[in-house]
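This report refers to the structure that appears directly beneath it.
In our numbering, the protein residues as written are 1 to 235.
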């Protein structure tokens, strides 16, 4: 089923890059795979991901989720299925986003201005203070898993970047006093290079209204999906 799922997902490659990477990385529990409609659960994060070219097969897959008691987060590829998931599963839209992915044959050249390394756990509070989506305990967990990196000038933390549980590049932040020097490029190019050399396709999920970040992705050579996706969560 994994081979078939990957084949179907690659028919709309950029739209489905998070799902196809979950399959490629061995982290996907595939619940259903047909041409134009795939449903899976990403094992590391527990996030359910649904691709449907048309509404009717997508609605049928949403009904499959009624049988599951662990649906806390869900991504879907259609606005009408987002609305249906809210109605059917009691989830709420968290954000709309574009997938971006690095599809070039070699990683971007690093600027080499920062020393990028795993930060000490003593910096977890500072990182949590500058990133609203993780608390200090969650930052420490990311550090211990090797999924969070800091960029340093000497002993000064300039910014940080990491990997979300489902495998996307994110958690990117440059501290206010170091902004407007291009350090976000340095940090993300490091993560792209890291994933590239691990045999992964580097990808990220960017809010549709975050033009600053979308511009950065273009500078890095990332390809952007034409169609947006929708991320829902239980609140």
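Note that beta-carbon positions come from the ideal geometry of N, C-alpha and C, so glycine has one too.
Considering only C-alpha positions, which residue in the set the options is nearest to residue i?
{"i": "residue 111", "options": "37, 151, 83 and 124", "result": "151"}
{"i": "residue 162", "options": "5, 174, 2 and 77", "result": "174"}
{"i": "residue 219", "options": "196, 85, 189 and 98", "result": "189"}
{"i": "residue 241", "options": "177, 205, 137 and 87", "result": "Outside the shown range of the chain, which is 1 to 235, sits residue 241, and nothing can be said about it."}
{"i": "residue 183", "options": "30, 116 and 146", "result": "116"}
{"i": "residue 53", "options": "146, 13, 224 and 86", "result": "13"}
{"i": "residue 71", "options": "145, 91, 203 and 202", "result": "91"}
{"i": "residue 179", "options": "109, 88, 228 and 212", "result": "212"}
Tell whether a beta-carbon distance below 8 Å holds between residue i and residue j.
{"i": "residue 158", "j": "residue 148", "result": "no"}
{"i": "residue 27", "j": "residue 43", "result": "yes"}
{"i": "residue 32", "j": "residue 65", "result": "no"}
{"i": "residue 36", "j": "residue 8", "result": "yes"}
Less than 6 Å between C-beta atoms, sequence neighbours within five positions excluded: which residues of the same chain meet that for residue i?
{"i": "residue 217", "result": "100"}
{"i": "residue 107", "result": "192, 193 and 196"}
{"i": "residue 22", "result": "28 and 42"}
{"i": "residue 222", "result": "100 and 102"}
State the Cα-Cα distance for the pair residue i and residue j, rounded to the nearest angstrom.
{"i": "residue 48", "j": "residue 191", "result": "24 Å"}
{"i": "residue 81", "j": "residue 185", "result": "35 Å"}
{"i": "residue 15", "j": "residue 24", "result": "16 Å"}
{"i": "residue 235", "j": "residue 165", "result": "19 Å"}
{"i": "residue 142", "j": "residue 169", "result": "13 Å"}
{"i": "residue 200", "j": "residue 131", "result": "26 Å"}
{"i": "residue 236", "j": "residue 181", "result": "The chain is shown only over 1 to 235; residue 236 falls outside these bounds and no answer can be derived."}
{"i": "residue 146", "j": "residue 160", "result": "13 Å"}
In its own chain, which residues sit with a C-beta less than 8 Å from the C-beta of residue i, not counting the 5 before and 5 after it?
{"i": "residue 134", "result": "127, 128, 142 and 171"}
{"i": "residue 123", "result": "150 and 157"}
Residues in the same chain with beta-carbon distance under 7 Å from residue i, minus the five sequence neighbours each way, listed in chain order, please.
{"i": "residue 10", "result": "20"}
{"i": "residue 153", "result": "114"}
{"i": "residue 85", "result": "62, 74, 76, 91 and 232"}
Beta strand (DSSP E) runs wholly inside the segment 62-137, at least 3 long, in chain order: 73-76, 92-101 and 115-117
Inside the segment 134-209 only - alpha helix (DSSP H) runs reaching at least 4 residues: 136-145 and 183-197
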